[in-house]
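Numbering (full-length UniProt numbering), first residue to last: 1 to 197.
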């Protein structure tokens, strides 16, 4: 009987554990994920001396939206100030919060080490798409999709990439690894935006 009781206790504990992680909001899991990624090396990536310098810009431009080109959806400063545009939230107000240095470094590690952002080039991706379409007649005629824009500005790492219809392209051409990485970055930055809700 003691053994059966212990089994019931273990099963109940397992269910409680599953309910436990569901209780945390998306923001908590995002912060935990960034923190566990860890910075690159002991000191992390070098940042501008000016804490107000914008080191990351992310935007989804065009499509069915009309916004000023100098008003991206997401910006991050060297001092860790994360700001999301009111256009993303739809309530007329920008939102922001302060990231810890470890969170900034973890996000940079994801972009630079995990997804190798500086290796992504729109021209190279477009050429791969043209080659695949010529080879198998695959269609790729997309209208009213947004253009993804990502710009990183660090002292030792500067890169920008701009590509149209990333979601549709990544679905249509799963064999293009660079496009899959670009979509992964886009999705992560969307999650970062949503963490400001």
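Glycine included, C-beta positions come from ideal geometry on N, C-alpha and C.
{"query": "For residue 118, three-class secondary structure by DSSP", "result": "helix"}
{"query": "Cβ separation of residue 138 and residue 172, assumed to be a contact under 8 Å, to the nearest whole Å", "result": "7 Å"}
{"query": "Local conformation of residue 55 per DSSP, three classes", "result": "strand"}
{"query": "Euclidean distance between Cα positions of residue 43 and residue 170", "result": "34 Å"}
{"query": "Rounded straight-line distance, which links the Cα of residue 147 to that of residue 166", "result": "7 Å"}
{"query": "Expected contact under 8 Å - CB spacing of residue 81 and residue 105 to nearest Å", "result": "So it is not a contact: roughly 15 Å between Cβ atoms."}
{"query": "Alpha helix (DSSP H) segments (min. 4 residues) lying fully within the segment 148 to 195", "result": "166 to 172, 177 to 194"}
{"query": "Contact the segment 86 to 97 vs the segment 114 to 134: 3+ CB pairs below 8 Å", "result": "no"}
{"query": "Residue span of the alpha helix (DSSP H) that contains residue 108, given as start and end", "result": "101 to 109"}
{"query": "Local conformation of residue 143 per DSSP, three classes", "result": "coil"}
{"query": "Reduced DSSP secondary structure (H/G/I, E/B, other) of residue 28", "result": "Low local confidence applies: a pLDDT of 46 at residue 28 is under 50, so the model's placement there is unreliable, with the coordinate-based value given in what follows. Helix, per DSSP."}
{"query": "Residue 78 (DSSP reduced to helix, strand or coil)", "result": "coil"}
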